[in-house]
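Per mature numbering (1 follows the signal peptide of the UniProt record, and there is no 0), the sequence shown runs over residues -18 to -1, 1 to 241.
Glycine included, each C-beta is placed from N, C-alpha and C at the ideal position.
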Amino acid sequence: MGSSVEFACLLLVVSTLGKNHLVSGGCAGKCCRSRDLSCLNTDWRMDRVYGTCYCDMGCVRTKDCCFDYFTECPAQDCAVSDWSFWSGCAKPCRPSVRVRVRHIEQQPSNSGEPCPSLEQQAGCREYRDHQGRHCGLNSGPAFITSMENDCDLRDPAPTPLRFCVEFTLESRTPHCTVENRPHTHWMRYITEGFKVCVVCEPPAMRNNSGSCQGDGLESEKEDLLHWQAVGNHQCRGTWKKIQKTQQCNCPPQHSFVFI
């Protein structure tokens, strides 16, 4: 009998020295969406230490979350809507930009993925003014944009009208590479000495003449021709025509569209 009492007392001492604590709720109802030092409790942490633990977004990095943080505060990524349709060009009858937007449907929480960009811009050019009249387009440099940026605004072109012109790039201004706006990134691929392909199709054809402004079809092969990137008027340069073809055979990053 005495030995049983002694054993029970020993267990009580061990329990006291080991500081056994009951779980008291952890992060239940205490999740915070940002770094917040007041978002805390006294409970077991995920590193098995008992004491102050946190339920805010910063605890994952500092490794002091309450034991149930990931079950009570699951990460929620940002959710956004689909892109809107592209707007019209900001200015008619001249190179400018167009815009499309999307909106946030769910804000991120608990270290979820942040929201992506909510606006995109791309170079464009419209061929009618605000009154619906055709623009009087003068001859000049070839205005180009990336095929990726422009393809969704193009009218379906009858196959016989569409063609491609291959050029050797002779020069470009430094502004093609220092611009950092998202809709100008494609200009970095315009590199001196490279062959580029440019598609000519309606509505960029001049009065359905079967030719695009600046395509060089009426020039000699060695003539130095001028081009300008739509979306950054300071990105411009010169090139020489190689040939006209029905299909472009350049890699995607070196394929562009007359505009």
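Looking only at its chain, what residues have a beta carbon closer than 6 Å to the beta carbon of residue i, apart from the 5 residues adjacent to it on each side?
{"i": "HIS85", "result": "SER63"}
{"i": "SER237", "result": "MET129, CYS179, CYS230"}
{"i": "ARG170", "result": "THR159"}
{"i": "residue 242", "result": "Absent from the model: residue 242. The displayed extent of the chain is -18 to 241, so no value can be given."}
Where DSSP assigns a beta bridge to residue i, which residues make up the other side?
{"i": "HIS208", "result": "THR220"}
{"i": "SER128", "result": "PHE238"}
{"i": "CYS179", "result": "GLU148, SER237"}
{"i": "CYS230", "result": "The partner list for CYS230 (beta bridge, DSSP) is empty, contrary to what the question assumes."}
{"i": "ARG27", "result": "CYS48"}
{"i": "GLN225", "result": "GLU148"}
{"i": "CYS194", "result": "MET187"}
{"i": "CYS35", "result": "ASN23"}
{"i": "ARG154", "result": "GLY219"}
Quick one: residues in its chain with C-beta nearer than 7 Å to the C-beta of residue i, no 5 flanking neighbours on either side, listed in chain order?
{"i": "ARG136", "result": "Per-residue confidence for ARG136 stands at a pLDDT of 43, beneath the threshold of 50, marking its modelled position as unreliable; the derived number appears in the next sentence. For ARG136, where only same-chain residues beyond five positions count, the Cβ hits under 7 Å are GLU183."}
{"i": "PRO90", "result": "GLN58, ASP59, CYS60, PRO96, CYS97"}
{"i": "THR155", "result": "GLN216, CYS217, ARG218, GLY219"}
Residue i CB to nearest chain C CB: under 8 Å?
{"i": "CYS41", "result": "Within the model displayed, chain C is absent; a lone protein chain is all it includes."}
Just mark residue i as buried or exposed, buried being the case when its beta carbon has 16 or more other beta carbons within 10 Å.
{"i": "SER153", "result": "exposed"}
{"i": "GLN88", "result": "exposed"}
{"i": "GLY8", "result": "buried"}
{"i": "PRO234", "result": "exposed"}
{"i": "LYS203", "result": "exposed"}
{"i": "GLY198", "result": "buried"}
{"i": "GLN216", "result": "exposed"}
{"i": "PHE145", "result": "buried"}
{"i": "ASP205", "result": "exposed"}
{"i": "GLY11", "result": "exposed"}
Return the chain-ordered list of same chain residues with a C-beta closer than 8 Å to the C-beta of residue i, the five sequence neighbours on each side being excluded.
{"i": "ILE241", "result": "PRO77, GLY105, CYS106, ARG107, PHE125, ILE126, THR127, ASP132, ALA186, VAL212"}
If we require 3 or more residues per run, which beta strand (DSSP E) segments fall completely within the segment 40 to 114?
78 to 83, 86 to 88, 101 to 106
Tell me, please, whether the segment 222 to 241 touches the segment 171 to 179 by the rule of three or more beta-carbon pairs shorter than 8 Å.
yes
For the segment 49 to 56 and the segment 12 to 31, state whether three or more C-beta atom pairs, one from each stretch, are separated by less than 8 Å.
yes
Three Cβ pairs or more, each shorter than 8 Å: is that satisfied between the segment 94 to 106 and the segment 152 to 169?
yes
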